[in-house]
Each structure stands twice: as structure tokens, then as C-alpha cells.
Amino acid sequence: MRVSTVVLFISIASLLIAALSVDARGRGGGRSSGGRSRSRSRSRSSSGGSSSKPKITKYTPITPTSVRSPVIRSQTRLGSRTSSFSNVVAGYLVARYFLGNAPVYRSGYPMYRCYVKVPTERALRITYEEERLLNATGHSCLSSSTTNGRLIEGIDQNRTSLTTTITYKKSGKTNTVHADEVSLGDIDEQDFEIKTVAQYNVAIVEGTSCSRVEKTVNGTMITLYETNPNKASVLYANTALLVLFTIGVALRVL
25 MRVSTVVLFI SIASLLIAAL SVDARGRGGG RSSGGRSRSR SRSRSSSGGS SSKPKITKYT
85 PITPTSVRSP VIRSQTRLGS RTSSFSNVVA GYLVARYFLG NAPVYRSGYP MYRCYVKVPT
145 ERALRITYEE ERLLNATGHS CLSSSTTNGR LIEGIDQNRT SLTTTITYKK SGKTNTVHAD
205 EVSLGDIDEQ DFEIKTVAQY NVAIVEGTSC SRVEKTVNGT MITLYETNPN KASVLYANTA
265 LLVLFTIGVA LRVL
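The opening residue of the sequence shown carries number 25 in the numbering used here; numbering runs sequentially from there.
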């Protein structure tokens, strides 16, 4: 076979290797330990009796097996900065989430009057939320703990302090910020607690002694993928086989 044909084979192999490299980088540097979660289901074929695994595409959600399991973008909600400026606060609200219904936020999470920024390629799986309206001494200020309090318009000009404390559970370290924005450290697959306390020098709900708002959130930082990495790994393997086959043909010609 002519030399030009051999050169053609080698050129094709080089292009495939380059494509393989791009594919590997596009998967975000590999999977986390939680990324191996796979949905297991059985389906009957039309001929009856046989079972097969469902096809995994790049848009297939990742089934969580623990709070540290990764997610793809479509499984998350965008943390809205404007939500931190809500004028309705619960007198006392506690929400505990199971693995299957735990909300997952990307980009950030809205605390009370403080926005918590989340690192790129990370998301927050929330397991616990608590919100309270209190008086100056830290006691309930509404007649019923289930009542929501509507804040007086323009009340934030009477705010005397805003403190947000982040506790990283694994290391035990804390970070306290007196601002309306705070950034979480990159603690992939680790647990955290965030607590925001806003104090006012006047009553913030008409007809009450409420002058303090507290919000506490517990959760886990997890890996965020654009698409399902299991599908990406299948493409990677197929590309690798094609490259090896092409190189083998070229070597035989030589």
C-alpha cells in the first residue's frame, strides 16, 4: 500500500486521539465517589421475559444513593439572590428533608438578607432549614409559632447587625461574616451549617415585639455536572477503541 495511505491512517488516528483528549477534559476531571450511582430497573421486552438496563443518556438524572451523591444541572434549582430579601418571615419553621426530596441549589443559596455563593461545579444538597422570628431576648414574638410575619416596609434601615456564620463540620472551622454576601469554601462531599442572625432596633412586624430574624441551614456540598458522566464515560471508551483499531490497521500496513 502507498505511503500516502499510511500517512492518512496515522492522521486519522491523531485526530481521534485529540477528540479523545477533549472528551476526557469535558467530563470535568473524572467522577466523584458518588458518581457511580446507577439506576437499576427491570423492563419487559415486547417478546416477553427478557430484562435490560435503561439506556443512560447525558440528560439522565443521577439517582442519589447518599447525601454526597453528585447531580447534573437539570436536577438543581438556581439560588435566587432576590429571595434573600423576602418581606415574609415564618414565626417558626423547621423543614427536614429525606434524600429523595432534598432541594439542591447551584450558584448560591438565599439566607435572610445574605446570599451564600457556591463554587463553580459544586451544588448544595439541603437537609435541614429553620427560620424564626424572635424578640430582643431571643423568645418567640408571635401569638402562634405557625404564623408568618410580614415585615414593615423599609424596615432594613433600622437593622443594627447582620451576622452569618458558616461551620464546616469535618474540620470544625467556622467563618463569620458581617455582610450581605458570603462565599462557601470548596468542600466537596463535606457537611456544613450556615446561620444568619439579623437584629433590628425597632419592631419589624406591626403589633409585635419581633426585632430579630434567625435562619439556619444544614447540608452537604456535592459535585455538579453539566450532563451525566456515565454517558460520557461510554463515549470515552468507544472513542478509545476506535483509536486503537485505526492505529492497528496503520501498523499492519507498515
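Don't be surprised by glycine CBs; every beta carbon is placed ideally from N, CA and C. Here the structure is a predicted model, which is why all the values come from computation and not from measurement.
Cut-off 6 Å between Cβ atoms - residues of its own chain near residue 154, not counting five sequence neighbours on either side: Mapped onto the sequence shown, residue 154 falls at position 130. Here the set comprises 118, 240.
For the segment 215 to 226 against the segment 235 to 253, are there 3 or more C-beta pairs whose distance is under 8 Å? With the cut-off at 8 Å, the segment 215 to 226 and the segment 235 to 253 touch.
Beta-carbon proximity of residue 128 to residue 208, cut-off 8 Å: Walking along the sequence shown from the start, residue 128 turns up at place 104. Walking along the sequence shown from the start, residue 208 turns up at place 184. Remark: C-beta atoms of residue 128 and residue 208 do not approach each other more closely than 8 Å.
Bridge partners of residue 153, per DSSP? For this step, residue 153 is matched to residue 129 along the sequence shown. Bridge partners of residue 153: 119, 241.
Please classify residue 146: does DSSP put it in a helix, a strand, or coil? The count along the sequence shown starts at 1 and reaches residue 146 at position 122. Taken through DSSP and simplified to helix, strand or coil, residue 146 comes out as strand.
Using CA atoms only, rank isn't needed, just tell me which of 159, 183, 181 is closest to residue 173. Translated into the one-based positions of the sequence shown, residue 173 becomes position 149. For the residues 159, 183, 181, the minimum Cα distance to residue 173 belongs to 159.
Report yes or no: do the segment 122 to 140 and the segment 103 to 111 share at least 3 C-beta pairs separated by less than 8 Å? Yes, they touch.
Is the beta carbon of residue 189 closer than 8 Å to that of residue 82? Along the sequence shown, read from residue 1 onward, the residue named residue 82 stands at position 58. Along the sequence shown, read from residue 1 onward, the residue named residue 189 stands at position 165. With a cutoff of 8 Å on beta-carbon distance, residue 82 and residue 189 are scored as not near each other.
Can you tell me the Cα-Cα spacing of residue 98 and residue 156, whole angstroms? Start at 1 with the first residue of the sequence shown, and residue 98 comes out as number 74. Start at 1 with the first residue of the sequence shown, and residue 156 comes out as number 132. Going by the C-alpha atoms only, they are around 31 Å apart.
The beta strand (DSSP E) with residue 185 in it runs from where to where? Residue 185 sits at position 161 when you count from the first residue of the sequence shown. Counting along the chain, the beta strand (DSSP E) containing residue 185 begins and ends at 183 to 192.
Rounded to the nearest angstrom, what separates residue 224 and residue 205 at their Cα positions? The residue given as residue 224 occupies position 200 in the sequence shown. The residue given as residue 205 occupies position 181 in the sequence shown. About 19 Å.
Using DSSP with H/G/I as helix, E/B as strand and the rest coil, what is residue 172? For this step, residue 172 is matched to residue 148 along the sequence shown. Residue 172 carries a strand assignment under DSSP once its states are collapsed to helix, strand and coil.
For residue 106, name the three-state secondary structure that DSSP assigns. As a working note, residue 106 is residue 82 in the sequence shown. The three-state reading of DSSP puts residue 106 in helix, counting H, G and I together.
On the DSSP bridge list, what partners appear for residue 82? In the sequence shown, counting from the first residue as 1, residue 82 sits at position 58. Looking at the DSSP assignment, residue 82 forms no beta bridge with any residue, so it has no partner.
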